[in-house]
Amino acid sequence: MLLGKDTIFKIEARAILESFCLAWEKGIRQLEIESDNALLIETIVEGGAADCQMMELRGIHQMVCHWWKICFRHIPRTHNSITDHMANVTVTSFIEVQVFDVPPHSVRDLVQANYIRFTRVNMSTQ
Numbered sequence: 617m618l619l620g621k622d623t624i625f626k627i628e629a630r631a632i633l634e635s636f637c638l639a640w641e642k643g644i645r646q647l648e649i650e651s652d653n654a655l656l657i658e659t660i661v662e663g664g665a666a667d668c669q670m671m672e673l674r675g676i677h678q679m680v681c682h683w684w685k686i687c688f689r690h691i692p693r694t695h696n697s698i699t700d701h702m703a704n705v706t707v708t709s710f711i712e713v714q715v716f717d718v719p720p721h722s723v724r725d726l727v728q729a730n731y732i733r734f735t736r737v738n739m740s741t742q
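Note that the sequence shown covers residues 617 to 742 in the working numbering.
Shown next as structure tokens:
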């Protein structure tokens with residue numbers, strides 16, 4: 617899928633790279649990166665980012681070499697509803713990366729609903 621002149625793959629790679637840069641600037645040295653883009657996660661984890669023509673993937677590879685502890689994880693799209701919601705909140709108002717010191721109320725409501733749903737599922741399986 618194309619968005620403007622960039623593919624979703626490239627946009628998601630750029631988002632991961634910008635997350636690394638932001639975390640590095642804030643002194644964060646442990647990260648868990650979750651994405652519903654299995655190809656992107658596989659490319660990064662299997663080392664394909666090092667030799668890639670895409671600037672964003674090469675940047676990710678360079679940042680990974682700096683980290684003390686980093687974990688990449690593919691998650692199903694159905695488990696990514698909060699991220700999708702945050703993207704929709706920001707896309708309507710902003711062009712640049714948005715950093716939330718306090719998440720919007722709508723996001724807090726989603727997190728709480730997910731927590732309650734997760735707790736109920738775990739209680740019913742015990």
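Backbone N, C-alpha and C define an ideal beta-carbon position, used for all residues, glycine too.
- The C-alpha of methionine 702 lies about 16 Å from the C-alpha of isoleucine 624.
- Taken through DSSP and simplified to helix, strand or coil, arginine 645 comes out as coil.
- Going by C-alpha positions, leucine 633 is about 14 Å away from valine 715.
- Just so you know, the alpha carbons of isoleucine 691 and lysine 626 end up roughly 18 Å apart.
- For the options Asp622, Ile644, Trp683, Trp640, the alpha carbon positioned closest to that of methionine 670 is the one of Asp622.
- In the displayed model, histidine 677 falls within a helix according to three-state DSSP.
- The C-alpha of leucine 673 is placed about 10 Å away from the C-alpha of glycine 663.
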